[in-house]
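Chains as they are written, first to last, in our numbering: chain S, 1 to 370; chain Y, 1001 to 1147. We put the beta carbon where it would ideally sit given N, CA and C, even for glycine. Here the structure comes first, spelled out in structure tokens, and everything after it is commentary.
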Ligand code: FES
């Protein structure tokens, strides 16, 4: 056993799965069940499923349960390998199998799947394990339906935000999405984007220049999609229109952030009169209202190079730790990050996420009561 | 007896430690042992024995639990050649590949490597109290790792 981490750790990206899609059936009407029996769930992720992945079928080789079921589908194994092993204070569930709901052609089916997933997550993961918190999956085809779904589930104490994928039909600052943001803004809850879905279904291509050939290329499109969403949020005035929302971008990298913001700040000086409601340098909005996760953390040219980027990116506010368990590119809480000053590490490992997701410190009494 | 050579035979004195009876480590099998607080994986690959430190130089995953495989060897663009079956172990976390016989990584053999240890197969001469549960004949032999 490794030495136990003595610090508080909030893991912002844990992928839980079902053993069979039939686990969703109790939460789906017969009408949808019939289609699924005949045609499957019809959910494919980046590039309509044509790309390879890494590890063993996309997962850490040791994360498959002994009974031969899917990695991530077994709560006792997740406790053993992650929650207990690293003494995780909270883990944020980001799902897997249902995440591409927003790529489906039928808005009603997409909304039914999102809704079933949310109920399944609450019953199978959040209620049995108090360390796990969930994000409510939404289908973006029809934002009014998505808003209703959020109103239905956001009051559950284990739900700490809304979740969607990076791939989209158009960027997330546009007014099309306003009904969703109104619900989140009323409650002061975050809008969380997880990488994936680029080039699937009716979403745009994985890169602005079309489809690449290989998985390693598709992975690099994450920064491109996130930059497109973030510029949209800035110049569509979303931060001022919805002052109580924070936007979280998971698994799309962080080290590109400072240079991207330098470019935006420079351009804005001469172009600001085209979007005059953007009254401050773009970087200021981002530092205040956008958060990123660490995994997969680059090694850079050694710790100094990363610490310099952390300083430029205001990591003490903007960066939150994530393992991505049980995916193959899992980051170990003990070894993934460079050595850094204690206070900065505390912000990244737990406190930034505690603020975004409003998670109380788990006291000894709370732990004893679990 | 036959010795599985590694390129990193050290001059400092190493002690031999019991790993398994030869018959309990047939070709294609492996055993993870703990020696002086160090976790070590011992492999029988087609009758040759190898030992690697069970900790990946990247983020410390249990490397020796990884898959033993071949790989797509370096080729000209758009040629896909799978070769070197059973010569490579792939880390169970992020998939870094290492040559089992030398511990050298495939992506940077000179700078990224995992510690290897010598393995010998020897006749069991003296009865060893720690393994007296297993009656051993001279022909059978025992697998020892040098740490
Ligand atoms: S820990 Fe082995 S490849 Fe990362």
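Contact set for residue 330 (chain S): own chain, Cβ-Cβ below 7 Å, skip 5 residues either direction: Excluding residues within five positions, the ones whose Cβ falls inside 7 Å are 60, 323 and 324.
C-alpha gap between residue 113 (chain S) and residue 125 (chain S), whole angstroms: Rounded to whole angstroms, residue 113 (chain S) to residue 125 (chain S) spans 17 Å at the Cα level.
Supposed contact pair residue 13 (chain S) and residue 88 (chain S) - C-beta distance, whole angstroms, cut 8 Å: Between residue 13 (chain S) and residue 88 (chain S) the Cβ distance is about 12 Å, and since that is not below 8 Å, they are no contact.
By C-beta, the residues closer than 5 Å to any heavy atom of the ligand FES, given in chain order: Those residues, listed in chain order, are Y:1056, Y:1058, Y:1059, Y:1061, Y:1091, Y:1093, Y:1094 and Y:1096.
Touch test, the stretch 168–175 of chain S against the stretch 128–137 of chain S, Cβ-Cβ under 8 Å, three pairs minimum: Touching, no, given that fewer than three Cβ pairs across the two stretches are closer than 8 Å.
Check: residue 127 (chain S) C-beta below 7 Å from any heavy atom of the ligand ZN: Ligands in the displayed structure: the ligand FES; the ligand ZN is not one of them.
C-beta neighbour in chain S for residue 1115 (chain Y), strict 8 Å: Residue 1115 (chain Y) does not count as touching chain S.
Listed by chain order, chain Y residues near residue 336 (chain S) by CB distance under 8 Å: Per Cβ cutoff of 8 Å: 1059.
For residue 162 (chain S), three-class secondary structure by DSSP: DSSP places residue 162 (chain S) within a strand segment (E or B) once states are collapsed to three.
Beta bridge counterpart(s) of residue 1044 (chain Y) as assigned by DSSP: Beta-bridge partners of residue 1044 (chain Y) (DSSP): Y:1049.
Terminal residues of the beta strand (DSSP E) in which residue 1034 (chain Y) lies: Counting along the chain, the unbroken beta strand (DSSP E) around residue 1034 (chain Y) starts and ends at 1030–1035.
Cβ-based contacts, 8 Å cut-off: residues of the stretch 236–253 of chain S near chain Y: Legend: CB atoms of the stretch 236–253 of chain S lying less than 8 Å from CB atoms of chain Y are not found in any residue.
Exposure label - residue 20 (chain S); buried when at least 16 CB within 10 Å: With fewer than 16 Cβ atoms within 10 Å of its Cβ, residue 20 (chain S) is classed as exposed.
The stretch 312–319 of chain S / the stretch 264–277 of chain S touching (three or more Cβ pairs under 8 Å): With contact defined as three or more Cβ pairs closer than 8 Å, the stretch 312–319 of chain S and the stretch 264–277 of chain S are not in contact.
The alpha helix (DSSP H) enclosing residue 1097 (chain Y), as first and last residue numbers: Premise fails: residue 1097 (chain Y) lies in the beta strand (DSSP E), 1097–1099, not in any alpha helix (DSSP H).
Min CB distance residue 1067 (chain Y) to chain S below 8 Å: Residue-level contact check: residue 1067 (chain Y) touches chain S, since one or more beta carbons of chain S fall below 8 Å from its beta carbon.
Chain Y contact residues for residue 54 (chain S), given Cβ-Cβ distances below 9 Å: Here the neighbours are 1094 and 1095.
Pairwise C-alpha distance: residue 1027 (chain Y) and residue 1048 (chain Y): Taking the straight line joining both Cα atoms gives about 8 Å.
Cβ contact check for the stretch 299–307 of chain S and the stretch 354–363 of chain S: 3 or more pairs under 8 Å: Touching, no.
Residue range of the alpha helix (DSSP H) that includes residue 183 (chain S): 178–187 is the span of the alpha helix (DSSP H), which, as asked, contains residue 183 (chain S).
Interface partners of residue 60 (chain S) on chain Y, CB under 9 Å: From the beta-carbon of residue 60 (chain S), the residues of chain Y found nearer than 9 Å are 1061, 1092, 1093 and 1094.
Nearest candidate by alpha-carbon position, reference residue 52 (chain S), set S:181, S:217 and S:307: Looking at the Cα atoms, S:217 is the closest of the given residues.
For residue 334 (chain S) and residue 2 (chain S), the rounded distance between their alpha carbons: Confidence in residue 2 (chain S) is poor, its pLDDT being 46 and thus under 50, which makes the residue's placement unreliable; the coordinate value appears in the next sentence. Distance between the alpha carbons of residue 2 (chain S) and residue 334 (chain S) is about 9 Å.
DSSP three-state assignment for residue 230 (chain S), whether helix, strand or coil: Residue 230 (chain S) falls in the helix class under three-state DSSP.
Contact set for residue 352 (chain S): own chain, Cβ-Cβ below 6 Å, skip 5 residues either direction: For residue 352 (chain S), where only same-chain residues beyond five positions count, the Cβ hits under 6 Å are 320.
Simplified DSSP state of residue 137 (chain S), which is helix, strand or coil: The answer is strand: DSSP assigns residue 137 (chain S) an E or B state.
Extent of the continuous beta strand (DSSP E) to which residue 93 (chain S) belongs: Annotation: the continuous beta strand (DSSP E) that includes residue 93 (chain S) extends over 90–93.
Contacts around residue 985 (chain Y), its chain only, beta-carbon distance under 8 Å, and the 5 residues preceding and following it disregarded: This structure cannot settle anything about residue 985 (chain Y), because the visible part of chain Y is limited to 1001 through 1147.
Enclosing beta strand (DSSP E) for residue 1122 (chain Y) [first to last residue]: Element bounds for residue 1122 (chain Y): 1116–1122.
C-beta contact flag for residue 141 (chain S) and residue 232 (chain S) at 8 Å: Not closer than 8 Å, so no.
Straight-line Cα distance separating residue 279 (chain S) from residue 289 (chain S): Residue 279 (chain S) has its alpha-carbon roughly 15 Å from the corresponding atom of residue 289 (chain S).
Per DSSP, the bridge partner or partners of residue 1017 (chain Y): Y:1145, per the DSSP bridge assignment.
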